[in-house]
Amino acid sequence: MASDGAPVPVLEARRATKRYRSAAGDVMALSGVDLVVRQGEFVVVIGPSGSGKSTLLNVLAGLDTVDEGKVYYRSRALSDYSDAQRTRLRRRALSVVFQSFELAPLMSCYRNIEFPLLLAHVPRAERRRRVQRIADQLLIGDLLGRRISAVSMGQRQRIAIARALVVKPEVVLGDEITASLDSHSSRRIYALLRRQQRSAGRTFVMVTHDSSLVEPTDRVLHLRDGTLR
Numbered sequence: 608m609a610s611d612g613a614p615v616p617v618l619e620a621r622r623a624t625k626r627y628r629s630a631a632g633d634v635m636a637l638s639g640v641d642l643v644v645r646q647g648e649f650v651v652v653i654g655p656s657g658s659g660k661s662t663l664l665n666v667l668a669g670l671d672t673v674d675e676g677k678v679y680y681r682s683r684a685l686s687d688y689s690d691a692q693r694t695r696l697r698r699r700a701l702s703v704v705f706q707s708f709e710l711a712p713l714m715s716c717y718r719n720i721e722f723p724l725l726l727a728h729v730p731r732a733e734r735r736r737r738v739q740r741i742a743d744q745l746l747i748g749d750l751l752g753r754r755i756s757a758v759s760m761g762q763r764q765r766i767a768i769a770r771a772l773v774v775k776p777e778v779v780l781g782d783e784i785t786a787s788l789d790s791h792s793s794r795r796i797y798a799l800l801r802r803q804q805r806s807a808g809r810t811f812v813m814v815t816h817d818s819s820l821v822e823p824t825d826r827v828l829h830l831r832d833g834t835l836r
């Protein structure tokens with residue numbers, strides 16, 4: 608808790624600006640974005656395609672750098688970390704659920720979920736326990752022996768979410784995490800994430816174009832043309 612009793616900031620962007628160069632000229636993906644995400648919050652950022660949502664998520668995760676401004680994790684600028692340090696940070700504290708899943712198609716569902724635990728040197732028995740538990744919560748426990756290439760897109764989405772949650776991260780950053788799910792499944796996933804938030808004090812930042820997902824959240828922000836409102 609902060610000295611005033613409020614939850615402490617976990618992630619913070621200050622005047623974060625990101626440009627991409629193209630043949631037609633510079634594209635402003637983020638334009639001076641200010642954002643404070645406090646411990647235990649569930650924040651949803653809504654915006655149309657091309658509004659800068661994925662860029663915002665990438666700079667908060669340290670996957671990309673800003674051209675101007677700063678991004679902080681627990682008051683330390685991510686630009687002060689080396690590439691290796693940012694990678695370790697994502698393994699233990701900042702889990703990312705990518706819109707494209709980033710799963711290994713020839714590996715089993717179990718191995719995909721287990722992989723970050725292997726990197727963290729978690730003992731085998733504990734790995735099995737954690738993978739089975741999160742898979743059962745996401746209703747994919749019966750898929751663990753299958754290859755990724757043999758399951759549906761919606762099932763892959765759940766596996767990507769399970770992989771992010773299995774390490775028990777402090778912050779989960781999600782890019783259109785329910786894009787491949789129907790509305791019923793989407794609500795179930797968000798209900799699970801809210802339980803994780805309440806039971807473990809976990810922090811969530813989700814970006815989406817789907818305004819129907821705003822109801823179960825603590826705070827809703829809107830991103831348009833690289834500007835956060």
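Just so you know, we're using the numbering used here here: the sequence shown kicks off at 608 and counts up by one.
Every residue, glycine too, gets a C-beta built ideally from N, C-alpha and C.
Check, Outcome
"Would you tell me roughly how many angstroms separate the C-alpha atoms of Q744 and S806, rounded to the nearest one?", "14 Å"
"Once you ignore the five residues that flank L685 on each side, which residues in its own chain have a CB closer than 6 Å to its CB?", "G669, V678"
"Which whole-angstrom value is the C-beta distance of G647 and Q803, which I expect to be below 8 Å?", "Actually they are not in contact, since the Cβ atoms of G647 and Q803 sit about 11 Å apart, beyond 8 Å."
"Tell me, please, whether the stretch 689-706 touches the stretch 737-755 by the rule of three or more beta-carbon pairs shorter than 8 Å.", "no"
"Measuring straight from C-alpha to C-alpha, what distance separates R575 and E675?", "Outside the shown range of the chain (608 to 836) lies residue 575, about which nothing can therefore be said."
"Would you mind reading off the limits of the beta strand (DSSP E) that contains A636?", "632-645"
"Give me the Cα-Cα distance between P616 and L828, rounded to the nearest whole angstrom.", "17 Å"
"So, using beta-carbon positions, are P776 and L724 closer together than 9 Å?", "no"
"How is M760 classed by DSSP in three states: helix, strand or coil?", "helix"
"Skipping 5 residues on each side, what residues in its chain have a beta carbon closer than 8 Å to that of D789?", "G761"
"At what residue ranges does the stretch 712-758 contain a whole run of the alpha helix (DSSP H), taking only runs of 4 or more?", "716-726, 731-744"
"Would you decide whether L835 is buried or exposed? Buried here means 16 or more other CB atoms lie within 10 Å of its CB.", "buried"
"Please state the DSSP three-state secondary structure of I796.", "helix"
"Could you check where the alpha helix (DSSP H) with T694 kicks off and where it finishes?", "690-699"
"Find out if the Cβ-Cβ distance for the pair I741, A769 is shorter than 9 Å.", "yes"
"Straight-line CA distance for R621 to S638?", "11 Å"
"Tell me which same chain residues have a C-beta within less than 6 Å of the C-beta of V650, skipping the five on either side of it?", "V644, V812, R826"
"With the cut-off set at 9 Å, would you say L830 and G632 are in Cβ contact?", "no"
"Measuring only the C-alpha atoms, how far is D817 from A798?", "16 Å"
"Can you tell me whether DSSP reads H829 as helix, strand or coil?", "strand"
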